[in-house]
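Undergrad:
In our numbering, the protein residues as written are 57 to 308.
(1) Answer with buried or exposed for residue 169, where buried requires no fewer than 16 other C-beta atoms within 10 angstroms of its C-beta.
(2) Rounded to a whole number of angstroms, what is the C-alpha to C-alpha distance between residue 136 and residue 163?
(3) Measure the alpha-carbon distance for residue 187 versus residue 201 and round it to whole angstroms.
(4) Among the candidates 94, 126, 147, 132, whose CA atom is the shortest distance from the CA of residue 110?
(5) Taking just the CA atoms, how far does residue 279 sit from residue 246?
(6) Quick check on residue 297: buried or exposed, where buried means 16 or more other Cβ atoms within 10 Å of its Cβ?
(7) Taking just the CA atoms, how far does residue 254 sit from residue 205?
(8) Identify every run of the alpha helix (DSSP H) within the region 217–257, keeping only runs that are complete inside it and at least 4 residues long; order them along the chain.
(9) Name the residue from 100, 192, 195, 239 whose alpha carbon lies nearest to the alpha carbon of residue 265.
(10) In whole angstroms, what separates the C-alpha of residue 113 from that of residue 179?
(11) Using CA atoms only, rank isn't needed, just tell me which of 226, 235, 209 is closest to residue 252.
(12) Assign residue 301 to buried or exposed, taking buried as 16 or more other Cβ atoms, counted over all protein chains shown, within 10 Å of its Cβ.
(13) Under 8 Å, do residue 140 and residue 131 count as touching if we go by C-beta distance?
(14) Determine the contact status of residue 260 and residue 292, defining contact as a CB-CB distance below 8 Å.
(15) Measuring CA to CA, which of 211, 213, 203, 207 is closest to residue 223?
(16) Taking the alpha carbon of residue 159 as the reference point, which residue from 126, 196, 190 has its own alpha carbon closest?
(17) Scan the region 123–203 and note each continuous beta strand (DSSP E) run of 3 residues or more that stays entirely inside, going in chain order.
(18) Whose C-beta lies closer than 7 Å to the C-beta of residue 167 among residues of the same chain, with five residues either side of it excluded?
(19) Kindly indicate which three-state DSSP category residue 109 falls into: helix, strand or coil?
(20) From the DSSP output, in three-state form, read off residue 280 for me.
(21) Under the assumption that residue 263 contacts residue 295 (Cβ atoms under 8 Å), give the Cβ distance between them as a whole number of angstroms.
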């Protein structure tokens with residue numbers, strides 16, 4: 057009983073289960089090998105509890121996300137599917153939690169090349185979150201995932217205006233320009249501009265400008281060695297290479 061009271065109090069103050077995925081000193085989420093190690097540690101902590109225990113369920117979801125974020129997608133998918141099945145069975149009333157679990161699973165399906173399944177899920181999730189939550193961080197994240205799926209399907213004419221006219225203005229207003237999801241949306245837009253087969257030199261220059269701003273902000277907010285910073289730098293290098301190639305072709 058004493059442990060149950062302690063867990064209840066920690067759950068309400070941001071401690072408890074969140075300690076397995078979030079650093080309370082620097083206010084950033086764990087990543088890379090540390091995230092994976094803590095994902096396994098949290099799961100082992102609560103594994104012996106009944107299937108109806110919410111801490112056990114939460115730790116399973118954290119493990120699935122940790123595997124996925126460390127590119128162990130084939131291992132992550134069955135964990136994410138099991139977590140979603142438990143939520144539907146025991147917590148069918150918690151639609152927000154079910155939608156979040158579906159979102160992570162859709163992202164995993166996308167990485168595994170199951171793009172059609174992922175796109176159907178992403179459309180459903182985003183539409184439902186707009187109805188339930190309006191403009192919120194969770195809705196913007198769902199929109200970012202949908203934009204990623206649209207890019208993967210090369211649906212550029214849908215992806216670009218969705219990002220430019222709907223998601224980015226909402227993210228800037230509600231989350232701010234330095235927020236991780238705002239920066240991710242900028243990267244999605246740059247990706248759409250660069251890879252659209254009708255891409256012009258002006259599109260590449262816009263993509264370069266967008267990514268230069270993203271890299272600068274990520275350096276300032278997350279530091280130069282954070283995986284998201286390195287990923288943004290890689291995207292910027294790709295765009296600059298495309299621009300250089302365009303110049304070489306013009307001079308040939």
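Backbone N, C-alpha and C define an ideal beta-carbon position, used for all residues, glycine too.
TA: Taking the structure as given:
(1) For this step, residue 169 is matched to residue 113 along the chain shown. Exposed: under 16 other Cβ atoms inside 10 Å.
(2) Looking up residue 136 in the chain shown gives position 80. Looking up residue 163 in the chain shown gives position 107. Their backbone Cα atoms lie some 11 Å apart in a straight line.
(3) The residue labelled residue 187 in the question sits at position 131 within the chain shown. The residue labelled residue 201 in the question sits at position 145 within the chain shown. Each residue's Cα considered, the two are about 17 Å apart.
(4) Position 54 of the chain shown, counted from the start, is the residue given in the question as residue 110. Cα-wise, what sits closest to residue 110 is 147.
(5) As a first step, residue 246 must be located in the chain shown, where it is residue number 190. As a first step, residue 279 must be located in the chain shown, where it is residue number 223. Using only the alpha carbons, I get a separation of about 21 Å.
(6) What you label residue 297 is simply residue 241 of the chain shown in a count that begins at 1. Under this definition residue 297 is an exposed residue.
(7) Taking the chain shown and counting its residues from 1, the one referred to as residue 205 is at position 149. Taking the chain shown and counting its residues from 1, the one referred to as residue 254 is at position 198. One C-alpha to the other measures close to 19 Å.
(8) 224–230, 236–251
(9) Locating residue 265 in the chain shown gives position 209, where the first residue counts as 1. The shortest Cα separation from residue 265 among 100, 192, 195, 239 belongs to 239.
(10) Locating residue 113 in the chain shown gives position 57, counting from the first residue. Locating residue 179 in the chain shown gives position 123, counting from the first residue. The alpha-carbon atoms of residue 113 and residue 179 are separated by roughly 25 Å.
(11) Indexing the chain shown from 1 puts residue 252 at position 196. Comparing Cα-Cα distances from residue 252 to each of 226, 235, 209, the minimum goes to 209.
(12) Residue 301 sits at position 245 when you count from the first residue of the chain shown. Exposed, since its Cβ has fewer than 16 Cβ neighbours within 10 Å.
(13) The count along the chain shown starts at 1 and reaches residue 140 at position 84. The count along the chain shown starts at 1 and reaches residue 131 at position 75. Taking 8 Å as the Cβ cut-off, residue 140 and residue 131 do not qualify as a contacting pair.
(14) If you number the chain shown from 1, residue 260 lands on position 204. If you number the chain shown from 1, residue 292 lands on position 236. Taking 8 Å as the Cβ cut-off, residue 260 and residue 292 do not qualify as a contacting pair.
(15) Residue numbering aside, residue 223 sits at position 167 when the chain shown is read from its first letter. Per the Cα distances, 203.
(16) For the purposes of this step, residue 159 is taken as the residue at position 103 of the chain shown. Residue 196 is the option with its Cα nearest to residue 159.
(17) none
(18) Within the chain shown, residue 167 is the residue found at index 111, counting from 1. Around residue 167: 129.
(19) Locating residue 109 in the chain shown gives position 53, counting from the first residue. Residue 109 falls in the coil class under three-state DSSP.
(20) Numbered from 1 along the chain shown, position 224 holds the residue referred to as residue 280. Coil at residue 280, not helix or strand.
(21) Reading the chain shown from its first residue, position 207 is the one you call residue 263. Reading the chain shown from its first residue, position 239 is the one you call residue 295. Going by Cβ atoms, the distance from residue 263 to residue 295 rounds to 5 Å, so yes, they are a contact pair.
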